[in-house]
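Read in full-length UniProt numbering, the sequence shown has 57 at position 57, and its numbers run on one by one without any break. Below: one structure, written as structure tokens.
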Amino acid sequence: MDIKPETPWDGTPDISARIIVAIGRVSSVMRAGVWEFATAESLNPTQAEILHLLRDRTQGVRLTWLASQLSVSKASASDSVSALVSKGLVRKARAQDDGRASALWLTAQGEVLTEKMSKALSFADDAAAALERKVQEELLIGLFKLIAQLQKGERFPALRACLSCRFFEANRFPGSPAPHHCALVKAPLPISFLRIDCAEHQPTDPVNERQNWEAFA
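What follows is the structure, given as structure tokens:
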């Protein structure tokens, strides 16, 4: 019977598993930072996350969307929003696109607090900024591709990403350093400038969005 000799690396997990572990570790550090900030401001982590999600949402957001982003029930999200409204950090009013529905916005006090939270979590941005430019770009592209794979199984909540925006025109200039195009600013769009979350985002139709993500994957 042939016995294959062992090597020092036989027990090493697949690289895919190590990537997910690494992402999980980074997420844990970020989450700990949010919890620390939330505790100092007499908030719970969910309330802090809601404030973060409402940042730069000039047209307001619906409660249903907020619940989907948090992966919680609508009732649970409503309880957290009510607490933030009572603290004067969030306001509720008629939605701009539908007078029959309600939407949520940050108050001036809420905007100040989210800016403070951003500064408290700047350690993560500083770490990413310390990487070489090429590494940053490769990491961003890799994360977009991972998100694209997760999108296939509908495991990812809706994003204000370039690939799901009606202004995004994929592969308008194939083979060039800036292969895509943004119709909003009327300019070529390099892959390294793709956004995960854009304040000017306007949803495209589902078919076009799916084609964009599938092409990127």
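Cβ atoms here follow ideal geometry from the backbone N, Cα and C, with glycine treated the same way. What you are looking at is a predicted structure, and each value in this text was computed from that prediction instead of being measured.
Beta-carbon gap between residue i and residue j smaller than 7 Å
i, j, result
"L43", "L106", "no"
"F167", "P188", "no"
"E132", "S192", "no"
"A101", "A95", "yes"
Alpha carbon of residue i to alpha carbon of residue j, nearest angstrom
i, j, result
"Q109", "K87", "9 Å"
"E36", "A75", "25 Å"
"I147", "V135", "18 Å"
"A130", "F123", "11 Å"
"D79", "P179", "45 Å"
"M1", "T12", "No answer about M1 holds up, because its pLDDT of 46 lies below 50 and its placement is not dependable."
"L143", "S176", "21 Å"
"G153", "W213", "12 Å"
"A215", "A83", "42 Å"
Same chain, Cβ closer than 7 Å to residue i, five either side skipped, listed in chain order
i, result
"A77", "L63, L66, A67, L70"
"L150", "F156"
Buried versus exposed call for residue i [16 or more other C-beta atoms within 10 Å across all chains shown]
i, result
"N171", "exposed"
"T114", "buried"
"L139", "exposed"
"A158", "exposed"
"T39", "exposed"
"L89", "buried"
"P206", "exposed"
Close Cβ partners of residue i (< 6 Å) along its chain, the five nearest in sequence each way excluded
i, result
"R195", "C162"
"E209", "S164"
Whole-angstrom C-beta distance between residue j and residue i, which should lie under 8 Å
i, j, result
"A48", "V29", "So it is not a contact: roughly 15 Å between Cβ atoms."
"N183", "E169", "One detail in the question is off: residue 183 reads as Ala in this sequence, not Asn. The Cβ separation is near 6 Å, so the contact holds."
"G60", "L121", "Not really, about 24 Å apart at Cβ, beyond 8 Å."
Sequence-distant residues of its chain with Cβ nearer than 8 Å to residue i (five each side left out)
i, result
"C198", "R160, A161, C162, C165"
Residue i Cβ short of 6 Å to the ligand PLP heavy atom set
i, result
"K87", "Among the components of this structure there are no ligands whatsoever, and the ligand PLP is therefore not found."
is_contact[residue i, chain B] using C-beta, thresh 7 Å
i, result
"R195", "Going by chain labels, chain B is absent from the structure shown, which holds only one protein chain."
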